[in-house]
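Chains as they are written, first to last, in the working numbering: chain A, 186 to 359; chain B, 186 to 359.
Before any comments, here is the structure.
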DNA sequence: GGCTGATAGTTTAAGCTTAAAATAATCGCG
DNA sequence: CGCGATTATTTTAAGCTTAAACTATCAGCC
């Protein structure tokens, strides 16, 4: 028969509880994943059909658009939450396409700065306008209040996840 | 200057509104994506570290676990929301690893049925238990009520997105 | 029986993604 | 100053992912 096991909630709290299936949490996680995948796949296919651009390229350009003075690869990889090595090839392809430009920092020659070219900026502006409409259309079934509530709850979720990950990291590598 | 443009909400409703930046909707979408990526990356790395298994393999096994009699590749691809061609290689690797087995349907030789092997079932059970704990840990900062509310709002979001996609499909290919 | 169209999977080419190892430049500190 | 640690990026190998083209099979219809 199963026994009670310790469940670590964060670095300070250890509660002993009877083993559970965590059914509600799992269902919530699956629903979250479903929603994200649904929206992401739709946006991906529209970007391809309408602008012949991939989602990762759009995302990268969106980051650069928010930071006109350019960003380092390190900043980009942490903002986009993708691995560092991933960006090397992605940036390379966008440079080849003339949408972005890279230059090595003069003060620290390890650092590579990336920024939109004027043509990349123009292309992104076109895409961003429609992208915004698409997102708004996908979320049109939610009221202002729904959006606000979701925002708040997802913020709570984000904080919870980060704190749990932080705690796990401390236990794994003290 | 910008002009008012029609915004299609669904197949019946067309509202004319001044062009907006849809800022709240975009922020919500980015937050949703952040939350999902956060959890997904954490689970991915734990699965790798603890069980040396990739997330797609875990997901596939989870689907088969829910349906012990096995599934066709078509069912799998629609439940997992991945492309059909994707599964061919994924299934191949799991067959090689002895975790699942495939057999051609006897009544329809186009159809391929896939199911967990006993060893795959055992391996999945071990992983699923810890996976559940990890998810519960990541969501530990949410109350029961938060989870219920999120569930409800995400359900609304899912319905909204599906309906917008449905409507777009009708306009694109009537 | 033999078309015709639809359905289930596979293949292919290109691109994305990660983890881990390697490279290269800078920083801190004695 | 010089050397070990740190930091930023690239490289590599494996695997995931998609879209589109292709193959094989089936179902219906005459």
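Quick reminder that beta carbons are idealized off the backbone N, C-alpha and C, glycines included.
Fair warning: this is a prediction, and the values are worked out from it, not measured in the lab.
Under the Cβ distance rule, residue 232/B does not count among the residues neighbouring chain A, no pair being separated by less than 8 Å. Going by DSSP, residue 288/A is part of the beta strand (DSSP E) stretching over 285-289. Assigned with DSSP and collapsed to three states, residue 297/B falls in strand. Taking the Cα positions, residue 312/A is about 28 Å away from residue 343/A. Taking C-beta separations shorter than 8 Å and ignoring five residues to either side along the sequence, the partners of residue 290/B in its chain run 257, 296, 297 and 298, following chain order. Note on geometry: alpha-carbon atoms of residue 206/B and residue 278/B lie some 45 Å from one another.
Uninterrupted alpha helix (DSSP H) stretches at least 4 residues long and entirely within the segment 192-256 of chain A occur at 208-236 and 240-251, given in chain order. Considering only 228/A, 349/A, 320/A and 284/A, the residue with the shortest C-alpha distance to residue 327/B is 349/A. When secondary structure is reduced to three states using DSSP, residue 322/A falls in the helix class. By the 16-neighbour rule on beta-carbons within 10 angstroms, residue 266/B is exposed. The alpha-carbon of residue 340/A is positioned some 45 Å away from that of residue 288/B. A distance below 8 Å separates the beta carbons of residue 346/A and residue 323/B. Ranking 332/A, 248/A and 229/A by CA distance to the CA of residue 305/A puts 248/A first. According to the DSSP assignment, residue 280/A belongs to the alpha helix (DSSP H) that extends over 269-281.
Around the beta carbon of residue 284/A, a 10 Å sphere encloses 16 or more other beta carbons of the protein chains shown; the residue is thus reported as buried. With respect to residue 320/B, residue 315/A sits apart: the two C-beta atoms are not nearer than 8 Å. By the C-beta density criterion, residue 215/B is exposed, having fewer than 16 other C-beta atoms within 10 angstroms. When secondary structure is reduced to three states using DSSP, residue 258/B falls in the helix class.
For residue 315/B, there are no neighbours in chain A by C-beta distance under 9 Å, as the nearest C-beta there is about 10 Å away. Within the same chain, and ignoring the five residues on either side of residue 308/B in sequence, the residues whose Cβ sits closer than 7 Å to its Cβ are 284.
The CB of residue 290/A never comes closer than 7 Å to any CB in chain B; the least such distance is about 28 Å. Residue state for residue 266/A is assigned as coil, using DSSP reduced to three classes.
Look at residue 306/A: its C-beta is not under 8 Å from any C-beta on chain B. Here residue 273/B is exposed, its C-beta having fewer than 16 other C-beta atoms within 10 Å. By the CB criterion at 8 Å, residue 232/B and residue 245/B fall outside the cutoff.
Taking the Cα of residue 264/A as reference, the smallest distance to any Cα among 229/B, 355/B, 222/B and 352/B is reached at 222/B.
Taking C-alpha positions only, residue 332/A is separated from residue 270/B by approximately 36 Å.
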